[in-house]
Amino acid sequence: MSSLTYAAPTSVDDAVKLLAGSAGLAKVMSGGTDLLVQMRAGRMKPELIVDVKKVPGAIGIRQEGGAWIIGASTAGAEVEAHAGLKAEYPGVVEALDLIGSTQVQGRCSLAGNLCNASPAADSVPAMYAAGAICVVVGPNGKREVPVEQIPAGPGRTNLAKGEFILEIKLPARTPRSGDAYLRFIPRTEMDIAVVGCGVNVTLDANGVCTAARVSLGAVAPTVLLVPDAAAALIGHKLDDATLAALDKAAQAACKPISDKRGTVEFRTKVAGVLARRTAAIAFDRAAGKTTAKAH
Amino acid sequence: MPKVVLSSGSPSLALTRGQTEFEVEATTFRRLVLELDTKFPGLGKQVEEGMAIAIDGEIYQDAYHAELKPGSEIVLIPKIGGG
Amino acid sequence: MNYIDSGLKVVGTRPVRPDGVDKVTGRAMYSADTRVAGMLWAKILRSPHPHAKIVKIDTSKAKALPGVKAVVTGADFPDIPNEEAFVGEGPMNFRDLARNVMARDKALYEGHAVAAVAAITAEVAEQALALIDVTYDVLPHVIDVEAAMADNAPVLHEDMFTVGVEPKPTKPSNIAKVIKFKKGDIDAGFKDAEVIVGGRYTTQPVHQAYIEPHACLAQANADGQVTIWASSQGHFMIRAYTAKLLGMEMANIRVNPAEIGGGFGGKTLIYIEPVAVRLSQMSGKPVKIQMTREEVFRGTGPTSGAVVEVKLGAKRDGTIVAAQQVLKFQAGAFQGSPVGPGAMCGFALYDIPNIDVLGYDVVSNRPKVAAYRAPGAPITSFGVESALDELSTKLRMDPLALRQKNAAKNGTKTHYGPTHANIGFEQVLAVAAEHPHWKAPLKPGHGRGLACGFWFNIGGESTATVHVNEDGSVTIATGSPDIGGSRASMAMMVAEVLGVDVARVRATVADTASIGFTHLTGGSRVTFATGMAATQAAERVVDELKKRAAMIWEISPDAVEWKDGQAVPAGTNAGAFEPLDLAAIALRAARTGGPINAEISVNAQGAGAGFGAHICDVSVDKETGHVTIERYTAIQDVGKAIHPSYVEGQIQGGAAQGIGWALNEEYIYNDKGQMENPGFLDYRCPVASDLPMIEAVLVEVPNPRHPFGVRGVGEVPIIPPMAAIANAIRAATDVRVPDLPMSPPRVRAAIDKA
Amino acid sequence: MAKQYVSTTINGESAEYLCETQQTMLDVLRDVVGLTGAKEGCASGDCGACSILVDGRLVCSCLMLGVEAEGKSITTIEGIAEGDKLHPIQQKFLEHAALQCGFCTPGLIVAAKALLDENPNPTETEARYWLAGNLCRCTGYDKVIRAVMDAAAVMRGEAA
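For the protein sequence lines, the chains are A, S, Z and D, in the order given. Mapped onto the numbering used here, the consecutive letters of the first sequence carry residue numbers 31 to 325. Mapped onto the numbering used here, the consecutive letters of the second sequence carry residue numbers 267 to 349. Mapped onto the numbering used here, the consecutive letters of the third sequence carry residue numbers 157 to 910. Mapped onto the numbering used here, the consecutive letters of the fourth sequence carry residue numbers 6 to 165.
Next up, the structure:
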């Protein structure tokens, strides 16, 4: 009686063929923690679900020439358990770890979080800040796309029909670099970010910032990369003046809405607060001062 | 005779024509209800269906048998439920 | 007999509950777990509009869908006259109840049931709902309580005229009822006052948020007999209400109580049972209804949101001489908010000569409110206990000392009539004053708050049976659904009376055909009232056991004593006989007159009122407005704790619900009058990481009207938290947050404003 | 379309069933397999009452399709005790009165087992964050956390 088809292909080609060949709505499933909820609520009525977890490369974590390659469907719990990755990109790992509950961690993935294209997705600002590259496979083969080019708007991506994200690449770490992600929620767990902030910096020997990427979540239709906020950091130590400039730049970048999770005014103020707090952790990590969990 | 007292804001005042205190010839809750109805038509029914009474301070709900002493003070109050 | 000082052996210990293993192994059967062969699944169509005339409902397409077995709308139910009827559970407007279960001419809130379908699968039933064509004439709606009170507000019920005002109004209104309580002379009181504080406080509707959604299974037979499997806070309530709404005889309805997955007051009325029965009658098959979480939020009753205005007048020494309150309570779509108890509870804690309380029961286009733990009291006390904190600040007086100075004691006459007797408020405050938490130095940046609460507690009708089995073990049954361990406390009280090991006493909850009428599990009445019935039944069994022993020994029953679970001769001249225990007497039951058991029904009076005091430490992130509960202590007079662990559990759980109410829980509506957060993602109940350990301190001032000194304990603990936290935030930030929930945006805004 | 055939392992026993594609693992357990210990509290992954273990990893069965169980090993609350011998977590829930209505209890116990399998010696804070996905409305979590910490001690052989 149901018109829904499920497939769990074991090769990229089969997965792409299925996705490209489907007449109706075809959805890629990694963890399914968003997809199944949307289906249950009737917001999403796919005719085909392609479970890509059996596709080679979709699950697992490896390193190539210093760069990290994360299977885009790898469950949060598995990523969280990877000491090497966590040591170099604690911000990305902790951001993924913030998604949902322990139960959700058993299923959720970087690709799912990214392609659900919610502006409040926790792992996405961290990937923006880290300068992550998405390995996209599709009918025209493989292409590499900067993560910030994937979301098109709430619930929409720039992926073409038949395409899906196979892997996420995090660039090789340069010395004195560190990242962090913080989000604000009303409770201590289980909420969607009211504001999220990712910061990734590289320092020189004197602790002066030489490179930075700053991102904000839940303050615009998509996650934002905030060059002005990065500019406020580059060339400076993290002193009060720098923090103030960062706060200002972050607030200036906000184009939020008022909804059940926060008001425009609150989100804007908290974006500044989080930018300061996240930057402080990223700087400490870059300076090798702390390995402590950010939250 | 037992004395019936209504809070000066009680909805029952409409039936007692504003009287907040009056005596009733009754020895039990049951008798009280009957007496109230003869004295102020409708009041007995109101008490029986929607109210509890406090006899000398103690609350009784649906308790015909509850005894009234000659000097008892009876207060009519809303029935109490709970979660 | 009274056992309070009789050297208790079982009562006060902490045995494992009789239903425990079923619940930790997943075997316990809750509402949605029951299945029978040939069962249909039903789904309910709900109004997308908060206020709309139902012009027409066309179900023909739905009926034509293969797999659909029955479709019902309001027209398929008897129209009930608009009158308060008295059925089992007490007064209830069954016309309102019927129209809440299934709308007739009007949909009065988003989520109001308008039709239902029974089909071979849930999926087919869902598809059928989409085929039901409802023509609505959408009307202007009103959500806010004060907006609903305004003259130009859209009127929900053309036939509703405000009760309690003279002269009788001629124009219909959303104000269902005005209630007043007066004591002394309020104007003289305020004239006499040297310090006056006042405030306007608001609370949002919050849902009981029991984790088990409503569900039921109904089977109607051709002979008119109906069986229902459902969880609730009263299966006799389900029987009475279903019978009334369907015009059936109670004898034709048998309700089997499933294990209940939380209620907190929210399962003291019905939503789906009559619908399932009707669909079963029309289809000839068993019908199962299981609400989704979204339906629970949109379609069932939270408690009221309210506006609470408080004014207090005091002498410089802290003596409160005048207290005034205006309460505006949302009732939801039908009248019946808990403004009555709200108007009684707020000032019941204090001995105040002049009191004036004015309350409004107001309908608006929201789900009809249902009971929620101490209905009305948390709302009124949030205002009063916050204002008391303002008063103590203004007087530079310790907030606990201020409460001690004005605390109600035995003999204090309340403003609503009764005189307090056998209460333990002063004892509770004394314990609070000496508690290490109250005396502990504050950590930097932390703030400490105190607030108190009062609840009447009730008794009422209960039935219990005690059976001595053939081997001398004991089985007891009551009509009270066990919502938090009452089978354990029943077994313990009976074991105490019989003088046997509690493991030899097994307790069950009997269905409506197997035991006498028993009122709801609510109002914190079960351990008190049903416990009284169980105790008396056990006592009657003891009398019988003595008779049987006397017969065996051929002596007079008066010459037999019951000691430590055995019949023994009373004194030497009664004769010398070997003691007879239950097994020995049960063995001879047939020869001495047959089975040994007793059933007792009571209408228990003399429920002892409960008082509590909560101490709370918070820290506040001033940049984000995030509040963290750092330490929490709840002190309460519990009368006598039968099973202390479950008494502590009631207090800890009530406090946690109050903390959620205080910090994050609320119904959020958009301008279309639709609820925007009907799920656990955005209706934010506290999670484990939000809370510290909650220390429950049991103060035992026995209630002399109960054989074991029991008082109800379940309601009081939800009353103080909102004010305790608001007062703690005030202490930490110097900012008073008068509006609930004290969520981060609200707290940050309040800090910025100051 | 036709139902899907799934071959899997449930609580140590090999199991086969037919299910609709869109049926969640929770629907399958309750309505197809007949194991009703996992509860539906929200069907959106927000309450944890449907928690199960899939190849030892904690998940919400409402957020997984029944067809995904193919070739996996599923553990539900019904599979936590060994025969008639309760798991220490179950025993401690009883001793600490860590349940009132008991509806969230199966999910909490499964989640607690996953915690202690991974981290035999959690701090109270770690336990609270791990269990944050399991809503309990009755207990305020106090006795639940005490039961879990106590069970951990027993499993470490430090307490009775």
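We put the beta carbon where it would ideally sit given N, CA and C, even for glycine. Since the structure is predicted, the reported quantities are computational estimates derived from the model, not experimental observations.
- Query: Between which two residues does the alpha helix (DSSP H) carrying Z:His602 extend?
  - Reply: No alpha helix (DSSP H) holds Z:His602; the beta strand (DSSP E) holding it covers His602 to Trp611.
- So, A:Arg307 versus A:Cys227, is the Cβ gap smaller than 9 Å? yes
- Task: Please work out which residues of its chain come closer than 7 Å, Cβ to Cβ, to Z:Ser874, disregarding the five sequence neighbours upstream and downstream, and give them in chain order.
- Result: Inspection of the sequence shows that residue 874 of chain Z is occupied by Ile rather than by Ser. Excluding sequence neighbours, Z:Ile874 sits near Arg529, Ala530, Pro534, Gly810, Gln813 and Gly814.
- Where do the ends of the beta strand (DSSP E) carrying S:Phe288 lie? Glu287 to Glu289
- Query: For A:Thr35 and chain D, any beta-carbon pair shorter than 9 Å?
  - Reply: yes
- Task: Would you mind reading off the limits of the alpha helix (DSSP H) that contains Z:Met500?
- Result: Val495 to Cys501
- Message: Any beta carbon from chain A within less than 9 Å of Z:Asn833's own beta carbon?
- Response: yes
- Item | Residue environment, Z:His207, which counts as buried when at least 16 other CB atoms sit within 10 Å | buried
- Query: If you follow the alpha helix (DSSP H) that A:Ala260 is part of, which residue opens it and which one closes it?
  - Reply: Pro257 to Leu263
- Query: If the cut is a Cβ gap below 7 Å, which residues of chain S does Z:Thr575 touch?
  - Reply: Gly323
- Check whether S:Gly348 and Z:Glu871 have beta carbons under 9 Å apart: yes
- Under 8 Å (Cβ pairs) to chain A, residues found in the stretch 29-51 of chain D: Thr29, Ala48, Ser49, Gly50 and Asp51
- Item | Limits of the unbroken beta strand (DSSP E) element including A:Thr240 | Cys239 to Gly247
- Task: Using beta-carbon positions only, say whether A:Ser60 and A:Cys164 come within less than 9 Å of one another.
- Result: no
- Name the two residues that bound the continuous alpha helix (DSSP H) containing A:Phe194. First-last for A:Phe194: Phe194 to Leu200, but that is the beta strand (DSSP E), not the alpha helix (DSSP H).
- Query: Taking DSSP as the reference, what is the three-state secondary structure of Z:Asp777?
  - Reply: strand
- Task: Quick one: list the residues of chain Z neighbouring A:Thr293, beta-carbon separation under 9 Å, in chain order.
- Result: Pro901 and Ala905
- Anyone know if the C-beta pair for Z:Gly687 and Z:Ile798 falls short of 9 Å? yes
- Could you name the residues of the same chain whose beta carbon sits closer than 7 Å to that of Z:Gly461, not counting the 5 residues immediately before and after it, in chain order? Val301, Thr359, Gln360, Pro361 and Gln486
- Message: Quick check on DSSP: helix, strand or coil for Z:Arg410?
- Response: strand
- Item | Helix, strand or coil at Z:Ala690 [DSSP, three-state] | helix
- Task: Could you check what DSSP says for S:Pro277 in three-state terms: helix, strand or coil?
- Result: helix
- Message: When you compare the CB of A:Thr187 with every CB in chain D, is at least one pair closer than 9 Å?
- Response: no
- Query: Using the beta-carbon count (16 or more within 10 Å), is Z:Val211 buried or exposed?
  - Reply: exposed
- Message: Please report the distance separating the alpha-carbon of Z:Ile907 from that of A:Val300.
- Response: 14 Å
- Assign A:Lys172 to buried or exposed, taking buried as 16 or more other Cβ atoms, counted over all protein chains shown, within 10 Å of its Cβ. exposed
- Z:Gly749, buried or exposed, once every other Cβ within 10 Å from all chains shown has been counted against 16: exposed
- Query: Is the stretch 154-162 of chain D close to the stretch 363-379 of chain Z, with three or more CB pairs under 8 Å?
  - Reply: no
- Item | Best match in Z:Met248, Z:Asn249, Z:Leu264 and Z:Ala269 for proximity to Z:Val257 [C-alpha to C-alpha] | Z:Ala269
- Item | Contact under 9 Å by Cβ, Z:Leu514 with Z:Val482 | yes
- Message: As a quick exercise: from Z:Gly417, Z:His623, Z:Ile367 and Z:Ala286, pick the residue whose alpha carbon is nearest that of Z:Leu654.
- Response: Z:His623
- Query: According to DSSP, which residues form a beta bridge with A:Trp98?
  - Reply: A:Gln93 and A:Leu200
- Item | A:Met31 (DSSP reduced to helix, strand or coil) | Residue confidence for A:Met31 is low, a pLDDT of 43 falling below 50, so the modelled location carries little weight; the figure read from the coordinates is stated next. Here A:Met31 sits in coil by DSSP.
- Item | Cβ contact (3+ pairs, closer than 8 Å) linking the stretch 60-67 of chain D and the stretch 23-37 of chain D | yes
- Interface residues of chain D around A:Met74 at Cβ under 8 Å? Those within 8 Å of A:Met74 in chain D number zero; the least Cβ separation is about 11 Å.
- Query: Hey, is A:Ile79's beta-carbon within less than 9 Å of any beta-carbon in chain Z?
  - Reply: no
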